[in-house]
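Position 247, counted from 1, in the sequence shown is what the UniProt record's numbering calls 247; the numbers after and before it change by one each time, with no gaps.
Please read the structure below before turning to the comments.
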Amino acid sequence: MSPSASRCLAYLLLIVPPLVISFYFLATFPTAPSPLSLSRVPWARKSFPQNRAHEKYNPEDWLEEGGICGPPHGRTRYWLRGPKSGKKIVLIHDAGHRVLLYDLYGRGYSDAPMGAAYDAQLYVTQLALLLQHLGWQRTRIGGVSMGGAIAAAFVATFPIWSNATVVLVASAGLVESADLPRTAKVISSPFVQALTANPLIYAYLRRLASKPDATREPRAALIQELVRHQSAHLAGFNRAVSSSLRTGPVTSMRWAFESTEWAGRRVLAIHGTADHTVPPAHTSRIKTLIEAAGRNASTEVCSSSRRTEVKQEHDSNQGKAREPEERVRV
Numbered sequence: 001m002s003p004s005a006s007r008c009l010a011y012l013l014l015i016v017p018p019l020v021i022s023f024y025f026l027a028t029f030p031t032a033p034s035p036l037s038l039s040r041v042p043w044a045r046k047s048f049p050q051n052r053a054h055e056k057y058n059p060e061d062w063l064e065e066g067g068i069c070g071p072p073h074g075r076t077r078y079w080l081r082g083p084k085s086g087k088k089i090v091l092i093h094d095a096g097h098r099v100l101l102y103d104l105y106g107r108g109y110s111d112a113p114m115g116a117a118y119d120a121q122l123y124v125t126q127l128a129l130l131l132q133h134l135g136w137q138r139t140r141i142g143g144v145s146m147g148g149a150i151a152a153a154f155v156a157t158f159p160i161w162s163n164a165t166v167v168l169v170a171s172a173g174l175v176e177s178a179d180l181p182r183t184a185k186v187i188s189s190p191f192v193q194a195l196t197a198n199p200l201i202y203a204y205l206r207r208l209a210s211k212p213d214a215t216r217e218p219r220a221a222l223i224q225e226l227v228r229h230q231s232a233h234l235a236g237f238n239r240a241v242s243s244s245l246r247t248g249p250v251t252s253m254r255w256a257f258e259s260t261e262w263a264g265r266r267v268l269a270i271h272g273t274a275d276h277t278v279p280p281a282h283t284s285r286i287k288t289l290i291e292a293a294g295r296n297a298s299t300e301v302c303s304s305s306r307r308t309e310v311k312q313e314h315d316s317n318q319g320k321a322r323e324p325e326e327r328v329r330v
C-alpha cells in the first residue's frame, strides 16, 4: 500500500467513527421515561422507634375526616375539617369553613417521589391533583413559610381554582442563595445527601434522633424532635428538604409574586417581627411585587394587598397564634 493510501485510510479511521456515533445520537429517538419511583412513607413504619414520637406529636388520625389522594406522582395524605357546606379553604383556619390540610411530598404521611425535583412545579401539581380528587372547583388558599410560596405559585399557575382571597404567613420564596447559611448549602449538597443515604450513617442519625434535647424550650424542642425523627426515619425527607432549598419554592419564586394573576385579589400577608428563619422584610417585598403586578395587569381592578406584622417567631402557628388567627378572617 502506497504512503498516500495509508494516510487516507488513517484519516478515514479518525473521521468516520465520530461521524457514525454523532449520526446515531442525532437520529435515535429518545426512550420513554421510566415512571417515578416512590418512597412509601406511611407504610414503612417498621423503621420507626418503639416510642413512635412522630405519632405522639403528629398523629395520622388527628382529624377523623380525610383520606389519601393517589398517583401519578405519589399518594398525598390529607385531612378535612368543618362543615361540608362551608366556604372552602386550603390550609388557613377553621372559622366555620371547610378546611383542607395535607402533607407535602416528602413530608409527614405523604409519599416521596424518588425521581422528581422538589420544586414549585411538583408542589403545584400535587395541590391541583388533590383538589381534582376532592372535586373542589374554587377555594381560598393560603400557606405558611414554604407553603406561602407554593400558594403564590398556585395562584399564578391555576388562577381559575383560586378565589379572590389569599393569605401568606411568613412566606418564603424570595430567599436568595446568598441568604442561606453555609451550613444549609453544605447539608443540601448532592454529595452530603448521598453520604447520609449510606446505611451506617443513616443508622447513626436514628440514634441521634432518639436522644431528647433538653436545652430548648418545650415548644421549640417538640418541633425540633419531630424534624429530627422525620430526618432520621422518613425515607426521602432529607432529599426533599435539600431539593426544596436548591430548586424548590424556598428560593427563586419572584416570578410567582410578579404574576398578573394577582390583579383583583385580596392578599393578607402576616409576618412575625421575631422571625429569624425568613426575614420579615421579605413580606414587604412580596407586597410591593403583588401590588405592582396588579397595576400592570390589563384590568381596571387592582389587587389589594395588606401587610401585617405580629411579634412572633417563624413557627408561631404551632403555638401562640391567636393574634394572627384573629387577623385571618375571610
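All C-beta atoms, glycine included, are put in the ideal place defined by N, C-alpha and C.
It should be emphasised that the depicted structure is a prediction, and the values quoted were computed from it without experimental measurement.
Shown here, R77 sits in a strand according to DSSP, grouped into three states. Taking the C-beta atoms as reference points, V278 is found no nearer than 7 Å to A156. By the C-beta density criterion, H276 is exposed, having fewer than 16 other C-beta atoms within 10 angstroms.
With a cutoff of 7 Å on beta-carbon distance, G106 and G248 are scored as not near each other. For N163, the enclosing beta strand (DSSP E) begins and ends at S162 to V169. In the DSSP assignment, L122 is bridged to no other residue.
Taking each of G173, G66, A164 and K84 in turn and checking the Cα distance to G264, the smallest one comes out for A164. According to DSSP, C8 shares a beta bridge with no other residue. Following the DSSP letters along the chain, one finds K185 inside the alpha helix (DSSP H) bounded by residues R182 to I187. The three-state reading of DSSP puts R98 in strand, counting E and B together.
Within the DSSP bridge table, the entry for T251 names V175 as partners. Residue pairing by DSSP places V278 opposite no residue, since no beta bridge is assigned to it.
Two segments are said to touch when three or more pairs of C-beta atoms, one from each, lie closer than 8 Å; by this definition the region 111-123 touches the region 72-79. Taking R254 as the centre and dropping the five residues before and after it, the same chain places the C-beta of G173, L174 and L289 closer than 8 Å to its C-beta, in chain order. When C-beta atoms of the region 173-188 are compared with those of the region 227-246, three or more pairs fall below 8 Å, so the two segments count as touching. Under the three-state reduction of DSSP output, G67 falls in the strand class.
Partner residues in the beta bridge of I89, as assigned by DSSP, are V99 and R140. Assigned with DSSP and collapsed to three states, G106 falls in coil, not helix or strand. Note: L130 is not bridge-paired with any residue in the DSSP secondary-structure output.
Cβ neighbours of H282 within its own chain (closer than 6 Å, five residues either side excluded): L174. At least 7 Å separates the beta-carbon of Y109 from that of E65.
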